[in-house]
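Visitor: Below are the structure tokens for one structure; questions will follow.
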Amino acid sequence: MIRSSPVPDLPPRSSVSDFVQGVSLLGRALGLIFRAPKLLALSSLCALVTLVSLVALVWLIGHYTPQLVGVLFPRPEAWYGQVLWYLVLALTFVVLLVVGVNTLPPLLLAPLMDPLSETTEELCGGYTSPPFTLGAFFRGLVTGVGHTLARVFFLALGLTVLLPLHLIPGLGSVLWTVLGSLWAMIWMAGEHLAAPMTRHLYPFAEVRRMLRERRALCLGLGAGIYLMLWVPVLNTFFLPVAVVAGTLLYRGLIAAGSLPPPPAPGALK
1 MIRSSPVPDL
11 PPRSSVSDFV
21 QGVSLLGRAL
31 GLIFRAPKLL
41 ALSSLCALVT
51 LVSLVALVWL
61 IGHYTPQLVG
71 VLFPRPEAWY
81 GQVLWYLVLA
91 LTFVVLLVVG
101 VNTLPPLLLA
111 PLMDPLSETT
121 EELCGGYTSP
131 PFTLGAFFRG
141 LVTGVGHTLA
151 RVFFLALGLT
161 VLLPLHLIPG
171 LGSVLWTVLG
181 SLWAMIWMAG
191 EHLAAPMTRH
201 LYPFAEVRRM
211 LRERRALCLG
221 LGAGIYLMLW
231 VPVLNTFFLP
241 VAVVAGTLLY
251 RGLIAAGSLP
261 PPPAPGALK
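Its first residue numbered 1, the sequence shown is counted upward by one per residue in the UniProt record's numbering.
Written as structure tokens, this is what we have:
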């Protein structure tokens, strides 16, 4: 039983504390999961699937990243050049792993994303999940996979646009990794804020507006998710925590008046 509403108390306009509040949503989400049995059961199932996919991704990316880096930046013979080469190798591994983690697990877990978000909204109050029907389940499955593929496309597009940076010897690969990581953080925030907003039939223009007007808040959420990927054990829970945190952010933005009520009739009471 949740005694008080978990909806975060956000300021109606951007403030200096926005970034920290965005990061703190991860802790709020994790606490809510462990207080709500249904969320914990769904999250545990997600964690099991995520663990298996993470092991597979780490092996595949670790095996093929040296070949990819060798094509874009041939390994030099000088010792100082090799130090830079191994740095680029490590940074490229990080970015590719982030892309893989945000591609494979969401596709495998698409049927569980809406139930996680809906359960979170129920705990926030003023919302009741629609009754289960087989037709609605398959429609949600197809929609969820479709939206995930579309969002993954934009993640890959941003990283591809940055690829010409590799043409700058040595330094370009470092710049690509840094800017690619920032793009991934912004994308993660948009990914997990868009999920409940799409379910409530908001146009994607509203998601873009929130990312623009509350950029520090959203970047904080994205940075928190990004950092969570590198914490052993906890990273297997990253996807359900991110879904719950994105839903809490969505409800917090409505409560703060930054986001209008959903256009879906009867979505919030």
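Yeah, the Cβ is synthetic: ideal placement off N, Cα and C, and Gly gets one too.
Cβ of V49 within 8 Å of Cβ of L108?
Guide: In this structure, L108 lies closer than 8 Å to V49 by Cβ.
Visitor: Relative to the C-alpha of residue 302, which residue among L112, K38, Y226 is closest?
Guide: The displayed coordinates of the chain run from 1 to 269. Any statement about residue 302 would go beyond what the structure contains.
Visitor: Residues in its own chain within less than 6 Å of L91 by CB, not counting five upstream and five downstream?
Guide: So the qualifying residues of the chain are T177.
Visitor: Nearest to A189 by CA position, among R215, R35, L116, is which residue?
Guide: For the residues R215, R35, L116, the minimum Cα distance to A189 belongs to R215.
Visitor: In its own chain, which residues sit with a C-beta less than 7 Å from the C-beta of M1, not counting the 5 before and 5 after it?
Guide: The pLDDT assigned to M1 is 47, lower than 50, so where the model puts this residue is not dependable; a value taken from the coordinates is nonetheless given after this. Cβ neighbours of M1 beyond the five flanking positions: none.
Visitor: Tell me whether T247 is buried or exposed, calling it buried when 16 or more other Cβ atoms sit within 10 Å of its Cβ.
Guide: With 16 or more other Cβ atoms within 10 Å, it is buried.
Visitor: L167: which of G222, P74, Y86 sits nearest, CA to CA?
Guide: Residue P74 is the option with its Cα nearest to L167.
Visitor: Alpha carbon to alpha carbon, how far is L179 from L89? Give it in angstroms, no decimals.
Guide: Those two C-alpha atoms are separated by around 16 Å.
Visitor: Please say whether V207 and A194 have beta carbons closer to each other than 8 Å?
Guide: Yes, the pair counts as a contact, with Cβ atoms nearer than the cut-off.
Visitor: Which residue's Cα is closest to the Cα of L96: P196, A205, T160, E213?
Guide: Measuring from the Cα of L96, the nearest candidate turns out to be T160.
Visitor: Is it buried or exposed for D9, if we count other Cβ within 10 angstroms and need 16 for buried?
Guide: D9 comes out exposed.
Visitor: Give the single residue among L25, P262, V233 whose Cα lies nearest to the Cα of S44.
Guide: Nearest of L25, P262, V233 to S44, Cα basis: V233.
Visitor: So which of G70, S5, V243, L30 has the shortest CA-CA distance to P115?
Guide: It is V243 whose Cα lies nearest to the Cα of P115.
Visitor: Could you give the distance in angstroms between the alpha-carbon of G172 and the alpha-carbon of L165?
Guide: Taking the straight line joining both Cα atoms gives about 5 Å.
Visitor: On the criterion of 16 or more Cβ atoms from any shown chain inside 10 Å, does Y250 qualify as buried, or is it exposed?
Guide: Classification of Y250: buried, given that the 10 Å Cβ count is 16 or more.
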